Amino acid sequence: MFKNIILTIFSIISIHIYAQKNVNIPLAHDFKIITSTHDTLQLFKTLNEGKTVVLDLFQVTCGPCLSNTPIIDTAFSLYGSNLNNVVFWGISNTDSNNTINQFINTYNVHFPCAGIEGLGDSVINLFKAQMGVFGFPTYVVICPTDKTMHWNVNYPASVHGFDPTITTCSSTNIIDNGKTSGDEKVKIYPNPTPDFVNVEIMLEHNANLKCDLLGSMGEKLSSREYLDVSEGLSKFNISFEGMREGNYYLTIYEDGNLVFAGMIIKVKNK
């Protein structure tokens with residue numbers, strides 16, 4: 014009886030905190046940036062296309078920004094390299110295009126970045142006016158449907174630290190726990206698994222397939238390619254033999270395009 018009362022109290026408190034937290038989530042203001050490679054990106058235009066926007070607010074002279082860069086770039090790749098419904102943008106308020114391009118080359122950055130020549134300082138000032146003074150790096154996730162802005166997420170930074178926030182947005186292309194996408198193009202089962210998963214993928218035409226298995230920090234553990242696979246239903250399996258229990262991430266590419274990204278849970282063999 015006492016235990017049930019305690020659980021009820023905790024449930025009420027949790028619901029209240031959750032509701033209060035959602036009420037306090039700020040809404041994003043529209044802005045435009047011009048990347049160091051001279052591409053124009055407009056926030057609301059991108060959101061209206063159903064895409065979730067992840068922002069890396071950084072400065073090239075910021076030590077933590079630099080040390081986190083490989084983590085953020087791996088997350089960018091895992092979410093489809095800006096080719097799907099989650100896009101990553103970097104914004105600096107202190108760096109020129111030349112400085113940013115040197116940073117991109119030195120740290121092997123693949124997502125687009127904008128600096129003071131691309132209105133980065135104006136965007137940072139817009140955020141400061143809305144959110145107050147903040148440090149770097151700051152990571153932000155903006156949802157497409159209601160334009161809610163989730164501020165200072167993924168701290169301390171990890172490859173999958175954006176996942177909980179991004180899954181709250183209505184349009185993401187990463188599939189958690191091996192659930193299939195809306196068109197049922199890819200099926201992964203069983204999940205969780207003690208030893209292997211079956212993969213079924215429906216191809217509309219002959220294609221080259223690539224499967225990458227990633228560890229919990231985004232490190233690539235294995236990669237398999239299937240060349241010139243015939244159209245129709247293709248089936249194969251991926252072994253987890255000899256691997257520790259835990260969370261893994263599987264990405265599947267069809268002719269270079271990401272068609273599946275999801276978590277696979279390895280459990281102990283009974």
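By the numbering used here, the letter at position 40 of the sequence shown is numbered 53, and the numbering carries on one by one without gaps.
Quick reminder that beta carbons are idealized off the backbone N, C-alpha and C, glycines included.
Because the structure is a prediction, the values reported are computed rather than measured.
Beta-carbon contacts of residue i that lie in its chain and below 6 Å, excluding the five residues immediately before and after
i, result
"S252", "F209"
"N165", "T151"
"E238", "K223"
"T53", "I47"
"I84", "A170, V172"
"I28", "Residue placement at I28 is poorly supported in this model, since its pLDDT is 34, which falls under 50; the coordinates are not used for a value here."
Contacts around residue i, its chain only, beta-carbon distance under 8 Å, and the 5 residues preceding and following it disregarded
i, result
"D159", "L40"
"S184", "Any reading at S184 needs caution, since the residue's pLDDT is 38, under 50, leaving its predicted position unreliable; the model's value is listed next. Same-chain partners within the cutoff: G63, K64, T65, N98, P157, T158."
"I141", "For the sequence presented, residue 141 should be read as Lys rather than Ile. Correct list, in chain order: F147."
"C75", "F149, P150"
Rounded Cβ spacing between residue i and residue j (contact assumed at less than 8 Å)
i, j, result
"I113", "S171", "Contact doesn't hold; Cβ gap of about 24 Å is too wide."
"V67", "F101", "5 Å"
"G133", "S105", "5 Å"
"K127", "I38", "Reading off the sequence, residue 127 comes out as Ala, not Lys. Not really, about 25 Å apart at Cβ, beyond 8 Å."
"L216", "V242", "6 Å"
"G275", "L263", "6 Å"
"F149", "F71", "6 Å"
"S247", "I201", "No, S247 and I201 are not in contact; Cβ-Cβ is about 13 Å, not under 8 Å."
Residue i classed as buried or exposed, judged by whether at least 16 other C-beta atoms fall within 10 angstroms
i, result
"P77", "exposed"
"D43", "exposed"
"P177", "exposed"
"S80", "exposed"
"T87", "buried"
"Y293", "This structure cannot speak to residue 293, because the chain is shown only from 14 to 283."
"N167", "buried"
"P169", "exposed"
"L60", "buried"
"G245", "exposed"
"D69", "buried"
"T119", "exposed"
Extent of the continuous alpha helix (DSSP H) run through residue i
i, result
"F57", "56–61"
"L96", "First-last for L96: undefined, no H or E at that position."
"C78", "76–91"
"D8", "This structure cannot speak to residue 8, because the chain is shown only from 14 to 283."
Segment limits, beta strand (DSSP E) that includes residue i
i, result
"A274", "270–279"
"V73", "Looking at the DSSP string, V73 is not in any beta strand (DSSP E), and its letter there is neither H nor E."
Sequence-distant residues of its chain with Cβ nearer than 7 Å to residue i (five each side left out)
i, result
"S235", "L226"
"E130", "S109, N110"
"F124", "D86, F89, N95, F101, W102, G103"
**OP:** Output the residue ranges of the alpha helix (DSSP H) runs that lie fully inside the region 117–151 and measure 4 residues or longer, sorted by chain position.
**Re:** 133–144
Subject >> In chain order, each beta strand (DSSP E) run of at least 3 residues that lies wholly inside the region 221–266 >> reply: For the region 221–266, whole beta strand (DSSP E) runs of length 3 or above, ordered along the chain, are 233–242, 245–252.
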